[in-house]
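These protein sequences, in sequence, are chains A and B. According to my numbering, the stretch in the first sequence is residues 11 to 238, in order. According to my numbering, the stretch in the second sequence is residues 11 to 238, in order. Here a beta-carbon is modelled for each residue, glycine too, at the ideal position from N, C-alpha and C. First comes the structure, then the notes that go with it.
2 protein chains.
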Amino acid sequence: MRPPNSQPSEASGSGAKAPAHETVYQTLRKQILFGDFAPGQAVTIQGLTGSLNVGMTPVREAIRRLISDGALVFQGNRRVSVPILCASDIDELNYARKTIECEIARRATSRVSPEDILELQAIDDALDRAISTGDVAGYLAQNYRFHTVLYSHADAPVLTDLADRLWLRFGPSLRVVCGRFGTQSFPDRHKDILEALRKADSELAALAMGRDVAQGMEQVSLGLDEGN
Amino acid sequence: MRPPNSQPSEASGSGAKAPAHETVYQTLRKQILFGDFAPGQAVTIQGLTGSLNVGMTPVREAIRRLISDGALVFQGNRRVSVPILCASDIDELNYARKTIECEIARRATSRVSPEDILELQAIDDALDRAISTGDVAGYLAQNYRFHTVLYSHADAPVLTDLADRLWLRFGPSLRVVCGRFGTQSFPDRHKDILEALRKADSELAALAMGRDVAQGMEQVSLGLDEGN
DNA sequence: CTCTGGATAATTTGATCATATTCTTGGGGC
DNA sequence: GCCCCAAGAATATGATCAAATTATCCAGAG
């Protein structure tokens, strides 16, 4: 999926044009998405101002946006932290993801070209390589990329934005999956999705996506129990 | 639907506890949702600081949050304005709403109590009264409330939040519907939804909700053509 | 004498504001 | 018609105020 709320940026990356708050937002977003932050970790404004070499205002705005995305939670008092998911949160996310991402997969099926499928295949291969080499960061990145690229072909920017928001919510909790990373090999749902895309079978794609989502959320759930 | 990203507030409303940026956000949110702003209207920070009697920082944060919600759009240069929906935007919103709100309606069906249905009935009656008296603000408020209350019974906070975000996107465009307000009376889909709820028929409820959403979006679309 | 409990002080952090800087834009001069 | 300059608005910083958590200290009980 594409970055949501993407501020218009210069087409082919001139360097210094992006405002500071946007840079901070993108940086934190990536860090949250790829498990650089631990669930429960406190996020302080002044801590970020130091490490990112910017003032408080851009940091405040970025944090506020991430709270709005559900990527961070406001702790009642004024503290902000990375969310710790409970079982019902995971159920809830699973349900929401299933509703949205199955539909996106269904819609994408009739719109992907054979070349698109090859690209997805290549990403999935890279994902397998990351798994076999124990490259956790690579695994998370390629997995995210697989969904991102697939959804980009659905021609449904609004729904895709919403799906993207949901990923931010469980990003930090994916890190704990890393513990038993090579030990157990689950059935690869991405292969099923690719198969459905090749057959141009929307319902099958939606079904496979639903299984992939459920499997991912189950991993998070297992990591949750492990943590306790 | 409930206000998304609702900051924890004091249980039974002590007045002065909410931070300024939260107050500003809620105020602007309501104004956008109920058509106080016109599509295309420019939103400036300094304009709001004056009218709301707060500094720039809270206003900045509120605006940033609303941009993240899709309620305002960042115009590439540093300008912010109320979104003008084009035909494809409306299609897109219709599709996203259909996906999400039908599912919420489906889920709510098995969870509403007879008392809840009576409450929804009362809201719909109030809505009819607002229509017959030409009370535009009341119509918008009751219509929003009908969906809010129904969705609150679905026990799906994440999806409900997402649905809530979508409403913000077409809120300003609803105002133009007011022009031909009493002239044409469309079939009341809320009645169909209530009927489905009474029968506890989830699929029927989802279907009726889909029709209600489509009808609403069609109204927005007609208003769009009118404006040109 | 030691340990626990509560209350207060100190530090840390968030919220707000006033100010400086940078960028966009619109108008006037060449 | 193009370019330069000025005005206005947004971005970003640092300072200041308020709130909350943490630390400390003293009193009383065991």
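Residues near residue i by beta carbon distance below 7 Å, same chain, minus five either side
i      : result
B/P14  : Residue confidence for B/P14 is low, a pLDDT of 43 falling below 50, so the modelled location carries little weight and cannot support an answer.
B/D126 : H163
B/I114 : Y161, A164, A166, L169, T170, A173
B/R89  : A52
A/Q59  : Sequence check: residue 59 of chain A is Thr here, not Gln. G65, M66, V69.
B/A118 : L160, Y161, H163, A164
B/T193 : Confidence at B/T193 is low in this model, with a pLDDT of 46, below 50, so the placement of that residue is unreliable and no value is reported for it.
B/R179 : G80, A81, P93, L103
A/G50  : S91, V92, I94
A/L71  : Before going further, note that residue 71 of chain A is Glu rather than Leu in the sequence given. Same-chain partners within the cutoff: H31.
B/L38  : A72, L76
A/S142 : none
B/S61  : none
Proximity to residue i [Cα-Cα], best of the options
i      : options                        : result
A/Q104 : A/T54, A/L207, A/W177          : A quick correction: the sequence has Asn, not Gln, at residue 104 of chain A. Looking at the Cα atoms, A/W177 is the closest of the given residues.
B/D138 : B/G86, B/F156, B/P124, B/C96   : B/F156
B/G233 : B/D134, B/I141, B/R199, B/I100 : B/I100
A/P197 : A/T143, A/D222, A/D211         : A/D222
B/D211 : B/P182, B/V122, B/G226         : B/V122
B/M219 : B/Q229, B/V230, B/L207         : B/L207
B/G226 : B/A48, B/P124, B/G57, B/K108   : B/K108
A/I42  : A/L184, A/R199, A/E228, A/D202 : A/L184
A/A81  : A/L150, A/K201, A/A216, A/Y35  : A/Y35
A/K40  : A/A147, A/V90, A/G86           : A/A147
A/R199 : A/G60, A/R74, A/S61, A/C112    : A/C112
B/L217 : B/L150, B/I110, B/A48          : B/I110
A/Y149 : A/A72, A/F44, A/L38            : A/F44
B/A136 : B/Y154, B/Q229, B/E228         : B/Y154
B/I55  : B/R74, B/S142, B/F180          : B/R74
A/A215 : A/R116, A/S142, A/F47, A/P49   : A/R116
B/L95  : B/A72, B/D202, B/V186          : B/V186
A/E213 : A/S120, A/D46, A/G144          : A/S120
B/A224 : B/A106, B/G144, B/S61          : B/A106
B/D46  : B/N87, B/T158, B/A151, B/P124  : B/A151
8 Å CB neighbourhood of residue i in its chain, flanking five on each side removed
i      : result
B/L204 : I127, L130, Q131, D134
A/S231 : A97, I100
B/Q85  : S91
A/A48  : V92, P182, R185
Bridge partner(s) assigned by DSSP for residue i
i     : result
B/F84 : B/V90
A/A52 : A/S91
Proximal residues to residue i (C-beta, below 6 Å), its chain only, five neighbours per side dropped
i      : result
B/I77  : F84
B/D202 : A218
A/A140 : G148, Y149, Q152
A/P124 : none
Check: residue i C-beta below 7 Å from any heavy atom of the ligand COA
i      : result
B/D198 : Annotation note on the ligand COA: not contained in the displayed structure, which lists no ligands.
Three or more C-beta pairs closer than 8 Å, one from the region 66-77 of chain A and one from the region 26-41 of chain A: is that the case here?
yes
Whole beta strand (DSSP E) elements within the region 130-173 of chain A, 3-residue minimum:
none
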